[in-house]
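J.:
In the working numbering, the protein residues as written are 938 to 1021.
1. Report the start-end ranges of each beta strand (DSSP E) in the region 973 to 1000 that is 3 residues or longer and not cut off at the edges.
2. Out of 1010, 959, 1011 and 995, point me to the one whose CA is closest to residue 938's CA.
3. CA-CA distance, residue 991 and residue 1001?
4. Where residue 1010 and residue 941 are concerned, what is the direct C-alpha to C-alpha distance, given to the nearest angstrom?
5. Under the DSSP definition of a beta bridge, which residues are partnered with residue 1008?
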């Protein structure tokens, strides 16, 4: 899913960093980005919540444009867990 990669890029996160922040495995991030099927909705919700907590806003697509992501200004990763 290109929106997930775009959101990670806006925040400067690696797949591993996002996985830690969301409380999921890196493999889940990879599978979501590849649009693999059979991913639990709970895992997707965790990833979305982690991104939104860092200021990402998901914008729905419409007939004129596809979906998008944006970063709210003056928000940052203040309490993001770190990767060892």
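Heads up, the beta-carbon is just placed ideally off N, CA and C, and yes, glycines get one too. Owing to the predicted nature of the structure, the values given are computational and were not obtained by experimental measurement.
T.: Taking the structure as given:
1. You should have 993 to 996.
2. Check the Cα spacing between residue 938 and each of 1010, 959, 1011 and 995: the tightest is with 995.
3. Note on geometry: alpha-carbon atoms of residue 991 and residue 1001 lie some 28 Å from one another.
4. Going by the C-alpha atoms only, they are around 19 Å apart.
5. Under DSSP, residue 1008 shares a beta bridge with 993.
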